[in-house]
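Protein chains in written order, with this note's numbering: chain A, -6 to 210; chain B, 6 to 263.
Glycine included, every Cβ here is placed at the ideal spot set by N, Cα and C.
Down below is the structure, laid out as structure tokens.
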Amino acid sequence: MQAFLDQLWIARWPLWEGLLLTIGSAAGSILFGTLLGVIVGVQLAYAPWWLRLPFRIYVDIMRGTPVLVLILAAYYIPAVAGLSLGPTQAGILALTLFAGAHIGELIRGSLQAIQPGQAEAGRSIGLTFPQLLAYVLLPQAVRSALPPWINTGVELIKGSSLLSIIGVGELLLKTQEVIGRNFMTIQFYVFAGILYLAINIALDQLGKAVERRVGQH
Amino acid sequence: MSDKQHPLLAIRGLKKQFGATEVLKGVDLDLNKGDVVSIIGSSGSGKTTLLRCVNLLEEYQGGEIALDGETIGYRSGDGRRRRLSDRELSRQRAMTGMVFQSFNLFPHLTAAGNVMLGLRKVLKLPKAEARAIAENWLARVGLAARADHYPSQLSGGQQQRVAIARALAMNPKLVLLDEVTSALDPELVQEVLNTVKGIADDGATLLIVTHEMRFARDVSSRVVFMEQGRIAEDGPPAQIFGAPKNARLAEFLRTTRH
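Take a look at the structure:
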């Protein structure tokens, strides 16, 4: 145990950087993915079919493709097209596209679950469609989409470990590098596992707390 | 006064169909300012659809609706009629207020928030002024103490009174009431009817769809009986309830009274 703690102390900075990058890439992709997802969800729920179709295709491709394949595609395809993305940028792009599709589908479902009377009441007081969305429909949809939205965050934390494949120095890759130096395989993998678990449990608790707060009304 | 020159609401030859089913088969109806008109009739006679057409919640295939002299919902030119843009429809909808059978309060906003939304976003009033108007209207429907309650914390009757305040606060030219007591427990019906009676006495122009015959008789200046998508009889309450000319109306009243 003492040997492990000594090695952990030596490796503390690389592991800390890895942890930050894990959290950062997940946070960045949930942020961009949420912005994208709201747009996608609104289009899926309300757009005419010809506008809805490309969004539908995007969502179905993203949801039907393994995250690992998305990450590899985001890393290699832009390079072929002459656009050079660094591994971290490519990784966040892949996770954003993945999150955008999932969140888009969540928002679509929540919007369509709102009683039609809400939109009618909003229209009857003279709200335009954008106002109706902003002040009546989306606030309600976001509330009901919140618990699964937190789950998407958990998926992204876990999915970010796949970024190690394209050389993003997140927690898993840093852990593997540390193991490469000290050969304490089990100890450091378990340690990394505990860190992932701790973040996800914290997120889960945060989600429950937020849910309680908005669930009161 | 210009009010004398044209009725506040003029419906001419209104036709509406859902697919192959003709729901409104040419309805003509005028309302002057201050009129309180109740529409009665059996389910499926087209009463609610008529109201929803006036608030532009339904599209219609023929005829015309003019509100205060302005044709609403459609623009015609080159022999074609086209639905107006979202922005135009919204502006015209703001001229009428609507109270729904199922209240449709916004659950994420307080009672005051519900009343203030249109004042803030449609009429663009400053927050303090909107709040003052909202409190004033909530007081008029007897809910001054409930301004900061959410809909889920209010009874059905209270929710419906908030909905009435929400519609009236926008100072609409015309208020449409669609079976406003049908979703209420019997003991809560009277408080809502009293509220409606109050706003009618204050001079609001109301177009009411109701199943409450006693209420229609008490509050209305005119009663309209609809039957199969047409207006079958139109007259003062004393005539409609006391001496109906239309045979179907007489039968309808026999089966619904008491």
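query	result
Comparing the C-beta of R116(A) with each C-beta of chain B, is any distance below 8 Å?	yes
Around the Cβ of I70(A), are there at least 16 other Cβ atoms within 10 angstroms (buried) or fewer (exposed)?	exposed
If you measure from the beta carbon of R136(A) to each beta carbon in chain B, is any gap under 8 Å?	yes
Is T121(A) near R227(B), with beta carbons less than 8 Å apart?	no
With a CB to CB cut of under 8 Å and the five nearest residues on each side skipped, what residues in its chain are close to R45(A)?	Q36, L37
If we define contact as Cβ-Cβ less than 8 Å, is Q(-5)(A) a contact residue for chain B?	no
Specify whether the segment 26 to 39 of chain B and the segment 77 to 84 of chain B touch according to this definition: at least 3 beta carbon pairs, one from each stretch, less than 8 Å apart.	no
Thinking just about the alpha-carbon of each residue, which of L196(A), I159(A), R206(A), Q180(A) is nearest to the one in P68(A)?	Correcting the residue identity first, residue 68(A) is Tyr in this sequence and not Pro. The residue with the shortest Cα to Cα distance from Y68(A) is I159(A).
Starting from E133(A), find everything on chain B with Cβ-Cβ shorter than 9 Å and list it in chain order.	Here residue 133(A) is Gln; the residue named in the question, Glu, does not match the sequence. In chain order: F111, P112, H113.
By a C-beta neighbour count over all protein chains shown, 10 Å radius and 16 as the cutoff for buried, is G46(B) buried or exposed?	buried
Give the secondary structure of S7(B) by DSSP, where H, G and I count as helix, E and B as strand, and everything else as coil.	Annotation note: pLDDT 48 at S7(B) (below 50); position unreliable, coordinate value reported separately. The answer is helix: DSSP assigns S7(B) an H, G or I state.
Run the proximity test for V73(A): is its beta-carbon closer than 7 Å to any non-hydrogen atom belonging to the ligand GTP?	This structure lacks the ligand GTP; in fact it carries no ligand of any kind.
Could you tell me if I192(A) is buried or exposed, where buried requires 16 or more neighbouring beta carbons within 10 angstroms of its beta carbon?	buried
Tell me, please, whether the segment 60 to 73 of chain B touches the segment 252 to 261 of chain B by the rule of three or more beta-carbon pairs shorter than 8 Å.	no
Between the Cα of P241(B) and those of R235(B), F230(B), G234(B), spot the shortest distance and give me the residue it belongs to.	F230(B)
Q233(B) to I44(B), Cα distance in whole Å?	13 Å
Nearest chain B C-beta to Q111(A) closer than 8 Å, yes or no?	yes
Give the straight-line distance between the Cα atoms of R98(B) and Q124(A), rounded to the nearest whole angstrom.	14 Å
Name the two residues that bound the continuous alpha helix (DSSP H) containing V33(A).	5 to 39
Check this for me: beta carbons of S153(A) and L166(A), under 8 Å apart or not?	no
Provide the residue span of the alpha helix (DSSP H) that contains L96(B), from first to last.	Per the sequence shown, the amino acid found at residue 96(B) is Arg instead of Leu. Here the alpha helix (DSSP H) through R96(B) covers 91 to 98.
Please tell me whether L120(A) has its Cβ less than 8 Å away from any Cβ of chain B.	yes
Check whether the segment 73 to 88 of chain A touches the segment 15 to 28 of chain A, taking contact to mean three or more Cβ pairs, one atom from each stretch, closer than 8 Å.	yes
Leaving out five residues before and five after V194(B) in sequence, what residues of the same chain have Cβ atoms less than 6 Å from its Cβ?	T186
Assess contact between the segment 167 to 186 of chain A and the segment 97 to 115 of chain A, defined as three or more Cβ pairs (one per stretch) separated by less than 8 Å. Is contact present?	no
My output table needs one value for I169(B): the three-state DSSP class, helix, strand or coil.	helix
Near R125(B), what residues of its chain come up, given a Cβ to Cβ distance below 6 Å and the 5 sequence neighbours on each side ignored?	A135
Considering only residues of the same chain and omitting the five flanking positions on each side of F246(B), which have a CB-CB separation below 6 Å?	R222
Using Cβ-Cβ distances below 7 Å, what residues of the segment 50 to 66 of chain B are close to chain A?	N60, L62
Below 9 Å between beta carbons is the criterion; list the residues of the segment 87 to 102 of chain B that meet it against any residue of chain A, in chain order.	D91, R92, L94, S95, R96, Q97, R98, A99, M100, T101, G102
Mind reading off the beta-carbon distance from L99(A) to G200(A)? Whole number of angstroms is fine, and I expect it under 8 Å.	With a Cβ gap of about 13 Å, L99(A) and G200(A) do not count as contacting.
Can you look up G24(B) in the DSSP assignment and give me helix, strand or coil?	coil
Which of the three DSSP states, helix, strand or coil, is assigned to V127(B)?	coil
Please classify A116(B) as buried or exposed, where buried requires at least 16 neighbouring CB atoms within 10 angstroms.	buried
Which residues in the same chain have their Cβ closer than 6 Å to the Cβ of A170(B), if we skip the five residues on either side of it in sequence?	V120, W142, L143, V146
How many whole angstroms separate the CB atoms of K20(B) and G67(B), which I take to be in contact at a CB cut-off of 8 Å?	3 Å
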